[in-house]
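Please read the structure below before turning to the comments.
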Amino acid sequence: MRWNDRIGRRLKLHDLHIFMTVADTGSMGKAAAILSISQPSVSKAIAELEHTMGVRLLDRTPTGVEVTAYGRALVRRGIGAFDELRQGIKDIELLSDPMAGEVQIGCPEAIACGLLQAILARFSRDYPRVVLSVYAANNMQLQFPLLRHRKVDFLIGGLTKPVTDEDLDIEVLYHDRPFIVSGVKSRWAGRRNVALAELVDEPWLLPHESIFSSVVEEAFQSQGLLRPKLGVRTYSTYQRLSLLATDDFVGGESGSVLRFNIDRFPLKILPVDFPVRSWPIVIATLKDRTVSSVVQSFIECAREVATVMTPKGADRAGLRNRNETISGVSA
4 MRWNDRIGRR LKLHDLHIFM TVADTGSMGK AAAILSISQP SVSKAIAELE HTMGVRLLDR
64 TPTGVEVTAY GRALVRRGIG AFDELRQGIK DIELLSDPMA GEVQIGCPEA IACGLLQAIL
124 ARFSRDYPRV VLSVYAANNM QLQFPLLRHR KVDFLIGGLT KPVTDEDLDI EVLYHDRPFI
184 VSGVKSRWAG RRNVALAELV DEPWLLPHES IFSSVVEEAF QSQGLLRPKL GVRTYSTYQR
244 LSLLATDDFV GGESGSVLRF NIDRFPLKIL PVDFPVRSWP IVIATLKDRT VSSVVQSFIE
304 CAREVATVMT PKGADRAGLR NRNETISGVS A
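The letter at position 190 of the sequence shown is residue 193 when you use the numbering used here, and the numbering goes up by one with no holes.
Here is the structure:
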């Protein structure tokens with residue numbers, strides 16, 4: 004199939020858009036209603052597209068339509084094609100105003116209320132006309148479809164295992180680690196040493212299924228201890244920090260959370276000796292996706308803010324010997 008003869012001159016973006024809407028809804032009637040066109044117009048567009056491609060894209064069923072393997076391949080590439088066109092429009096807009104645009108970020112709440120909060124504050128001062136949108140992505144490896152479907156420009160968060168997906172670029176910003184904390188007036192706060200075994204029966208605050216909660220459980224298991232059963236499990240980082248400040252709980256939080264919140268909450272990092280397993284905080288992007296200049300500027304801003312989480316960055320920020328070093332890899 005020669006591009007100029009069969010595709011370049013005959014493939015219409017309008018028909019492709021109609022086909023992708025039908026594929027998404029599973030119905031020509033629903034697609035027609037969404038697009039505000041007649042159902043015969045939808046059928047004609049699909050027929051012309053199938054004739055141009057030389058393959059069947061949809062199988063008609065009594066309840067609607069099903070996308071064929073050929074159709075799924077076209078949908079996958081069509082998403083990329085329309086995204087590139089949108090990025091082209093953004094680039095043209097940026098030529099007239101390079102300080103404007105939009106950045107779409109996916110991340111877990113622990114990053115959103117810590118590292119990302121600092122990034123947003125700095126970036127917004129420098130680029131006040133850029134619209135910043137943050138989407139929940141609480142498990143990075145389950146949220147890669149957000150990237151592939153172009154719902155976000157990039158993901159930022161922690162990874163539990165190496166990524167082998169060939170279509171992704173993974174950039175490590177720093178390595179995070181766990182800390183055990185309490186309120187500053189807790190009965191544990193004045194101790195010079197605290198054994199992990201002493202905390203088993205305390206009321207604990209931990210996130211739900213997360214990298215951090217699994218690391219804390221591993222620490223208890225490594226010393227032959229049962230994991231804590233009392234306390235509160237909550238997805239809300241702000242809720243955990245607020246409850247810790249009441250001095251009635253002990254809890255586990257990551258360096259990413261504490262570094263950017265310990266000045267806002269009366270918390271104390273407890274001197275507990277326990278096995279520490281770190282994990283990488285990364286930025287994940289699509290290899291074959293062209294991002295706008297403002298997205299590139301945002302990622303550069305993220306790199307700069309994240310340096311405070313490295314050992315050298317902690318030195319420059321004066322974090323060493325302050326309660327306990329809150330960096331990605333040092334205790």
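In this text, a Cβ means the ideal position worked out from N, Cα and C, and glycines have one as well. All figures in this text were calculated on a predicted structure; none of them were measured in a lab.
Next item on the list: For Ala72, collect the residues of the same chain with a Cβ closer than 7 Å to its Cβ; drop the 5 residues on either side in sequence, then sort them by chain order.
Entry: Here the set comprises nothing.
Next item on the list: Specify the secondary structure class of Asp27 as computed by DSSP and reduced to three states.
Entry: Note: Asp27 maps to helix in three-state DSSP.
Margin query: Taking the beta strand (DSSP E) that Thr288 belongs to, which residues open and close that run?
Written below: Run containing Thr288: Trp282 to Leu289, per the beta strand (DSSP E) assignment.
Margin query: On the DSSP bridge list, what partners appear for Val132?
Written below: Note on identity: in this sequence residue 132 is Arg, with Val being the wrong assignment. Beta-bridge partners assigned by DSSP to Arg132: Ala103.
Checklist line | Asp250 vs Ser300 beta-carbon contact at 8 Å | finding: Between Asp250 and Ser300, the C-beta spacing is not below 8 Å.
Item checked: Coarse secondary structure for Lys15, derived from DSSP in three states -> Note: Lys15 maps to coil in three-state DSSP.
Margin query: For Arg49 and Val25, which I take to be in contact (beta-carbon distance under 8 Å), what is that distance rounded to the nearest angstrom?
Written below: For clarity, residue 49 is Ile in the given sequence; the question names Arg instead. Right, the Cβ-Cβ distance comes to about 7 Å (below 8 Å), so this counts as a contact.
Item checked: CA-to-CA distance, Val45 to Phe22, given in whole angstroms -> About 8 Å.
Check: Is the CB-CB distance between Glu51 and Asp18 below 8 Å?
Finding: Using a Cβ distance threshold of 8 Å, Glu51 and Asp18 count as a contacting pair.
Note to self: Buried or exposed for Gln146, going by 16 or more other Cβ atoms inside 10 Å?
What the structure shows: Within 10 angstroms of the beta-carbon of Gln146 lie 16 or more other beta-carbons, which makes it buried.
Next item on the list: Identify the continuous beta strand (DSSP E) that holds Phe182 and give its terminal residues.
Entry: It spans Pro181 to Gly186 - the beta strand (DSSP E) in which Phe182 sits, taken as one unbroken run.
Next item on the list: Specify the secondary structure class of Tyr73 as computed by DSSP and reduced to three states.
Entry: Reduced to three states, the DSSP call for Tyr73 is helix.
Check: Given that a residue counts as buried once 16 or more other Cβ atoms are within 10 Å of its Cβ, and exposed if not, what is His178?
Finding: His178 should be labelled buried.
Margin query: Quick check on Thr64: does DSSP put it in helix, strand or coil?
Written below: Here Thr64 sits in strand by DSSP.
Notebook entry, point to check: Quick one: what does DSSP say Gly321 is sitting in, helix, strand or coil?
Noted result: Only weak support is given to the placement of Gly321: the predicted model assigns it a pLDDT of 40, under 50, and the value that follows is read from those uncertain coordinates. DSSP places Gly321 in coil when its eight states are reduced to three.
Item checked: Three or more C-beta pairs below 8 Å linking the stretch 126 to 136 and the stretch 253 to 272 -> Taking 8 Å as the limit for Cβ pairs, the verdict is that the stretch 253 to 272 does not touch the stretch 126 to 136.
Check: Where does Arg319 land, buried or exposed, given buried means 16+ other C-beta within 10 angstroms?
Finding: Confidence at Arg319 is low in this model, with a pLDDT of 41, below 50, so the placement of that residue should be treated as unreliable; the coordinate-derived value is given next. Classification of Arg319: exposed, given that the 10 Å Cβ count is below 16.
Note to self: In the DSSP assignment, the alpha helix (DSSP H) including Glu51 goes from what residue to what residue?
What the structure shows: Per DSSP, Glu51 belongs to the alpha helix (DSSP H) from Gln42 to Met56.
Notebook entry, point to check: For Thr55, which of Leu14, Gly109, Pro165 and Met102 has the nearest alpha-carbon?
Noted result: Nearest of Leu14, Gly109, Pro165 and Met102 to Thr55, Cα basis: Leu14.
Margin query: Report the CB separation of Gly161 from Ile286 in whole angstroms; it is logged as a contact under 8 Å.
Written below: In fact, because the Cβ distance is near 12 Å, the residues do not count as touching under 8 Å.
Notebook entry, point to check: Skipping 5 residues on each side, what residues in its chain have a beta carbon closer than 6 Å to that of Ile265?
Noted result: Counting only residues of its own chain and dropping the five nearest sequence neighbours on each side, Ile265 has no CB closer than 6 Å to any other CB.
Notebook entry, point to check: Exposed or buried, Asp156, counting other C-beta atoms within 10 Å across all chains shown (16 or more means buried)?
Noted result: Its Cβ being crowded by 16 or more others within 10 Å, Asp156 is buried.
Check: Can you tell me whether Lys164 is buried or exposed, with buried defined as 16 or more other CB within 10 angstroms of its CB?
Finding: Note on Lys164: under 16 other CB atoms within 10 angstroms of its CB, so exposed under the neighbour-count rule.
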